[in-house]
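Some notes on the structure that comes next.
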Amino acid sequence: MFNLKRLLRYAIGLLSVALLFNILGYIYISYQSRENDRQEENEKVAGMLQTLSQQVSKDMVLLLVDSSSQNRSLGLADELQRCLMDFEAKQAFLRSEIRRPKAKASGALQGIDTLFSQITPFYSRLDSLGRLLLENKSAAGAALLADHIRYNESQYLERMQDINRIYHNVDNGFVNKIFFVNTGILTSLIFAILLMAVFVFIPIIKQSDRNYREVRSSLNKVQESETALRKRENQLQALGAATHQLIGSDLRPTMQQAVMLMGQQMDTDRTTVFEFRQPAKEGENWQAVRLAHWNRNGQESLIVGTDVFPWEVMAPIVATLMKNEVFACPWQDAPSPKLKEWFSRTGTKFVICVPIFVGTELWGQLGLSHCSTDREWTPADFSILRSFAASLGSAIERARMEEQLVLAKEAAEAGSRARSEFMANISHELRTPMNGIIGFSDLLLTTIMQETQREYVQHVSKSAYSLLSIINDILDFSKIEAGKFFLEHTAFDLSDLIGDAVDIVSIKACEKGLELIVDSPPDIPTQVWGDPLRIRQILINLLGNAIKFTDSGEVSITVRQSGEPVVRDGKTWMSLSVAVKDTGIGIPAGKLGTIFESFTQADSTTTRKYGGTGLGLTISKSLAEMMNGGLSAQSLAGRGSTFTLQLQLEMAGDQPVDAALLRTPLQSVLVIDDNNTNCRIMHEFFTHFHVACETCTDGEEALQKIRSTLAGDRNYDLIIIDHHMPGMDGITVVRKIKDILGPVPGPFILMLSSLDRSQHRLEARTAGIDRFLAKPVKLKELQTLIHTIFDKSGVARPAVAKQLIEKLSAGAKVLVVEDEPVNMMLISEVLKNMGVEVHRANNGKEALHLLQEIHPAVVLMDVNMPVMDGFTATRHIRQMPHPHRTIPIIALTADATADDKEKCLQAGMDNFISKPFRIDEIATMLKRYLPA
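According to this note's numbering, the residues represented by the sequence shown are 235 to 1166, in order.
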């Protein structure tokens, strides 16, 4: 080992010397190469000087002897001048090279300097002769000059050849030196390579073999790490897939799939999810319900069962899990004999229990069992298992929340069904007596009565419909909230609709002493398409509110066209603005933004003066928006409110009333009314029909106007006077006017409210007034009354027409199935007046027996009846043999929703009539199904 080290040191020393020799040789060769290149260049220049001297002497001789061509002489002169310049430059270069310090130091080159000094005179004479010929081309003494040229050129060549030989010998000496040095360098390199092979390469090869073995070992470790990383990646992918499985809707099967994925990727033998159930009493055993289980042997199906673990087994596990820690235990380290017995019985060598928390409560555990001892569990494995357990806890918590949501949804649906059933029952119970009130009112209007009695009955009918509208409000609000509200589309007269709405609320306005005014210009089209029932519902609501919150003054409804008609899809649409204005208490600014909310009123205190449900404005606004319109409010506290209904209605094609339609001899009218708004409306009405109209606001002013007209020998054709005026009432003013006019005064029309008409009618007739105009004044009624007064035929139109019941097929049989005696009586009376033979049944069972004896043309079937309802009876009839199974069955139902009507059709009924019904509805339905 010592000799080897010495040898290694010697080898390194020799190698260093060889390398130093190589370095010095390379330096010397580099220097000699540069000198050699310079000498080769000098030798090349010397050779070129020989050639140039020959070219110069030749050109000079030719220039001397050639005089034949001027062009050629010029060319020879140019060539000679070029050669002389090149000759001079190379001569100067060679002179500088010879006189270099390094050249002078070289003994071999000293002879060149001597030779060069000898040829200088010949070069100078040769150069000067050339210059002389270029300056003077005379041929005098040409022969002598040519001999000088040849002599100098020959002498110059001899000396330059000697210089060339010396350069050649010096160059050969350089080559020999470089060859010798290169041979030494090559020998030293070979020697150095051998030394390196012996003392460096062989040890390196040996060391490389050792390094290769170490690298091979390192690669094996890297492969093992890659395998572990790949396994960890598969485990993480399994964790992601298992977590994704737990997002499914049904937790139990998705939990089984997730447990199977984790068991396969975690390389365990058994994987189980347990739900803990604490003992009900102290001292009882814990229970663990197995919800999902996977076994490497192939038992991958869902196993549900209950394992009872003694406290000795559960205590150490639960104590660890309660601290949110993983319980990992090999069989030999079992903390209790019971647990060690369980290890032995199940063949388990290692067990892991991971806690599953739902919120802050320990819900259960994820258990993994391994049956061999070669499995090593790392912290990364525990981290993945804890992540999966956390995902399980989140999924279980989400499933609990979904169950609670389902229960809440079912409870909400049950509440909605209960509310719908309650509303349906309330509707049925209220509509049933309303059917009797409205039906008998309509039936009473078909009889002969006094005019006052007829008006009373009409008011009863209108009030009944007003009450029905309140019932409909409650149902409408329920349907709007449920999203099951639908609008109708039918043609109607807008002025009639407004008049009906005003008539319904006029009695209440009269009771409070309020002036109710309708301002609808006659030039607005009134025949439109839309939902008249809902528009009237909105107007009644707005008018009712205005009257309720107004103690004195007036309530007006104003109709205006808010824009030019537009054409869309071939239909003409009109924008209308209907404003209901009052002089009531108004709405505070802070409450104005909340009045359209459900169950909200401006005054919500317990001491409030005005009652109400707070649903009217909410329903009205919703209905207006459903009709592509809107409802807005403006108000000042203590100064009244204005509610504006915006409507988009399709025009039915009819034009507004033309001024020429009022074809009467009426020329001048006097209107006496203390209300300025009424006076303005009357004036606009008569001006539209080109009738001169004057107005005054009290009796004294009216008497003065009449005296003035009599003095001018003219009189009014018609005097319209209000009854309630300050100072003198209307009847007193009429009496004084009669005294002024004499025995034959003109016609008088007295404006009276609905309540005042019966009270003051006899007094008014005694005073000479036989025409009455109901307040609020509706322009269509005023127009009809004027036609009646000034009709040339003399046939007066009745103020109140008698309703007639149309006669149908005589002898036709109709079976009425109705359990309510009042409704049965009403329908029977109506059908008898139509000439129909009526058969009665109190329930569906009686109807089925009666059908065996008679064959009616139509069956009017009530829906809700004891013993057997209408639906069941209809299904039995549809199963009877022909011809009973084809009898038309019309439902009589007080349930007003679309679902109830659809239920009637699904039961086999042909059509339905809603209670309360009108007489004309029954007539229309019977004409459709009775034989001609």
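Beta carbons: idealized from backbone N, C-alpha and C, even for Gly.
- Here DSSP, grouped into helix, strand and coil, assigns lysine 1149 to coil.
- Contact check between the stretch 1108-1122 and the stretch 1071-1085: three or more CB pairs, one atom from each, fall below 8 Å, which counts as touching.
- Spatial neighbours of leucine 826 in its own chain (CB-CB distance under 7 Å, excluding positions within 5 residues in sequence) are listed in chain order as Ala867, Ser869.
- When the alpha-carbon of glutamate 1052 is set against those of Ile829, Ile1124, Gly309, the nearest one is in Ile1124.
- In this model, arginine 914 and lysine 1149 are separated by some 43 Å (Cα to Cα).
- Straight across, the Cα-Cα distance linking arginine 486 with leucine 525 is about 7 Å.
- Per the DSSP secondary-structure output, serine 869 pairs in a beta bridge with Ser875.
- The secondary-structure analysis by DSSP pairs phenylalanine 584 across a beta bridge with Pro564, His604.
- Straight across, the Cα-Cα distance linking alanine 1091 with lysine 1047 is about 6 Å.
- Leucine 1019 sits buried, since 16 or more C-beta atoms from the chains shown fall within 10 Å of its C-beta.
- Comparing C-alpha distances from lysine 782 to each of Val814, Thr760, Ile332 shows the shortest one belongs to Val814.
- Inter-segment contact for the stretch 1002-1019 and the stretch 1053-1069 is absent: fewer than three beta-carbon pairs are separated by less than 8 Å.
- When DSSP states are grouped into helix, strand and coil, lysine 557 belongs to the coil group.
- Every alpha helix (DSSP H) of 4 residues or more that sits fully in the stretch 879-965 is shown, in chain order, as 910-922, 933-945.
- Close CB contacts of leucine 296 within its chain, under the 7 Å cut and outside five residues either way in sequence, are with Leu310 (chain order).
- Looking at the DSSP output, valine 1093 shares a beta bridge with Leu1049, Ile1123.
- The beta carbons of arginine 511 and glutamine 521 sit closer together than 7 Å.
- Rounded to the nearest angstrom, the gap between the Cα atoms of glycine 818 and glutamine 638 is 51 Å.
- When secondary structure is reduced to three states using DSSP, proline 589 falls in the strand class.
- Put simply, the backbone Cα of glutamate 313 is about 12 Å away from that of phenylalanine 321.
- Apart from the 5 residues on each side of it in sequence, arginine 969 sits with its Cβ closer than 6 Å to the Cβ of Ala1001 in its chain, given in chain order.
- By the C-beta criterion, the stretch 594-601 is judged to be in contact with the stretch 548-560, since at least 3 inter-stretch pairs fall below 8 Å.
- In the displayed model, phenylalanine 783 falls within coil according to three-state DSSP, outside both helix and strand.
- Note that the stretch 784-796 touches the stretch 738-758; at least 3 beta-carbon pairs, one per stretch, sit closer than 8 Å.
- At the C-beta level, serine 809 and arginine 794 stay beyond 7 Å of one another.
- Counting only the Cα atoms, phenylalanine 1146 lies some 19 Å from valine 1056.
- DSSP places glutamine 761 in no alpha helix (DSSP H) but in the uninterrupted beta strand (DSSP E) bounded by 761-764.
- A check of alpha carbon separations from histidine 723 across Arg504, Lys1135, Met885, Pro613 identifies Met885 as the nearest.
- Minimum Cα-Cα distance from glutamine 880 among the listed residues Phe920, Gly874, Gly863 corresponds to Gly863.
- For the set Gln938, Asp1004, His957, the Cα lying nearest the Cα of isoleucine 974 is the one of Gln938.
- Nearest neighbour of serine 625 by Cα position, chosen from Asn276, Ser287, Val493, turns out to be Val493.
- By the CB criterion at 7 Å, isoleucine 772 and serine 854 fall inside the cutoff.
- Annotated as distal: alanine 735 and isoleucine 671, with beta-carbon spacing of 7 Å or more.
- In the three-state scheme derived from DSSP, where H, G and I count as helix and E and B as strand, threonine 806 is classed as strand.
- In the same chain as methionine 959, and ignoring 5 residues on each side of it, the C-beta atoms closer than 7 Å to its own belong to Asp908, Asp932, Gly933, in chain order.
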